[in-house]
Amino acid sequence: MAVPVSNLRGSKTDRRPFDFVAIAILLVLTALPDAMVVPLLRELMVGRYDVGPGDAHAFLSINLVGALCAVPLLGFAARRGRPVLAIGIAAIVDALLLTAMWLPIGFGPTILLRLFEGAADVVVFAVVFDLVGRVGSRRSVGLRFGFAAALLSMALGSGAILGGVVLLKSRVQSPSSHVQSQSRHHRARRSRSSCTFRLGSWSSFQ
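If you count by this note's numbering, then the sequence shown holds residues 122 to 327, one letter each, in order.
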């Protein structure tokens, strides 16, 4: 059986508001990196590995596939009844995978790491929301989940803004690299358009 959060810390009922604040902070810190990636997607994938926009968006969608594959891990974590340990391990794995994706390892390995990162990410979110449901009384469970959902939306929006700020600062600090990235992207688009045009002309000739 799952152990309540208050028993994990040896605290009393009057400590539950402090537990909920800690869980809310953890929820915000978990959501911020996910949203920060979106404004940086072009620089991370298109400009770095010279891939098309469709391939770059696979970086976002493959995360959901990893989350789906992590569903059996959620049941295992619930049966173990140690949510703090599950969050700690999943958060460490998530951080290591995000750090590894920063390395210039190529597009394919980056997508593979993103797949595993999605699994670790959903474990953290699932356990955090499970703690939201168990940290207080049953009468206020709807209020707690509503507050947590609103906080999650605000964290995702703030993460997107923060990612845009990071992008602007990086362009200001290294404008030459941004220009080179833009030129590589335009050359790749012209090459694909030229190839499509030649194929179309050849098919029309036939």
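Don't be surprised by glycine CBs; every beta carbon is placed ideally from N, CA and C.
Extent of the continuous alpha helix (DSSP H) run through residue i
{"i": "Glu-238", "result": "228-255"}
{"i": "Arg-203", "result": "Where Arg-203 is concerned, there is no enclosing alpha helix (DSSP H), given that its DSSP letter is neither H nor E."}
{"i": "Ala-152", "result": "137-157"}
{"i": "Ala-188", "result": "174-190"}
Rounded C-alpha distance that separates residue i from residue j
{"i": "Leu-273", "j": "Gly-168", "result": "30 angstroms"}
{"i": "Gly-239", "j": "Asn-184", "result": "4 angstroms"}
{"i": "Ile-146", "j": "Asp-215", "result": "17 angstroms"}
{"i": "Arg-203", "j": "Asp-176", "result": "38 angstroms"}
{"i": "Ile-226", "j": "Leu-264", "result": "45 angstroms"}
{"i": "Ile-282", "j": "Arg-259", "result": "35 angstroms"}
{"i": "Ala-221", "j": "Leu-233", "result": "11 angstroms"}
{"i": "Arg-137", "j": "Val-286", "result": "36 angstroms"}
{"i": "Gly-173", "j": "Met-166", "result": "8 angstroms"}
{"i": "Trp-223", "j": "Ile-213", "result": "16 angstroms"}
{"i": "Gly-254", "j": "Arg-292", "result": "43 angstroms"}
{"i": "Asp-140", "j": "Asp-155", "result": "24 angstroms"}
Closest residue to residue i among the options (Cα-Cα distance)
{"i": "Val-249", "options": "Ser-279, Leu-234, Leu-206 and Lys-290", "result": "Leu-206"}
{"i": "Leu-148", "options": "Ala-156, Ala-191, Leu-289 and Ala-276", "result": "Ala-276"}
{"i": "Val-142", "options": "Ile-282, Val-256 and Arg-292", "result": "Val-256"}
{"i": "Tyr-170", "options": "Arg-260, Pro-230 and Ile-282", "result": "Pro-230"}
{"i": "Ala-198", "options": "Leu-289, Phe-139, Leu-219 and Asp-251", "result": "Asp-251"}
{"i": "Leu-219", "options": "Val-253, Arg-201, Ala-179 and Ala-241", "result": "Ala-241"}
{"i": "Lys-290", "options": "Ile-144, Phe-139, Pro-138 and Glu-164", "result": "Glu-164"}
{"i": "Ala-179", "options": "Ala-269, Trp-223 and Phe-228", "result": "Phe-228"}
Inter-residue CB distance, residue i and residue j (contact presumed, cutoff 8 angstroms)
{"i": "Gly-284", "j": "Pro-193", "result": "With a Cβ gap of about 31 angstroms, Gly-284 and Pro-193 do not count as contacting."}
{"i": "Leu-328", "j": "Leu-162", "result": "Missing from the structure shown is residue 328; the chain here goes from 122 to 327 and no further."}
{"i": "Ala-191", "j": "Val-243", "result": "5 angstroms"}
{"i": "Gly-280", "j": "Leu-153", "result": "4 angstroms"}
{"i": "Leu-236", "j": "Gly-187", "result": "4 angstroms"}
{"i": "Val-245", "j": "Ala-211", "result": "5 angstroms"}
{"i": "Leu-195", "j": "Ala-247", "result": "5 angstroms"}
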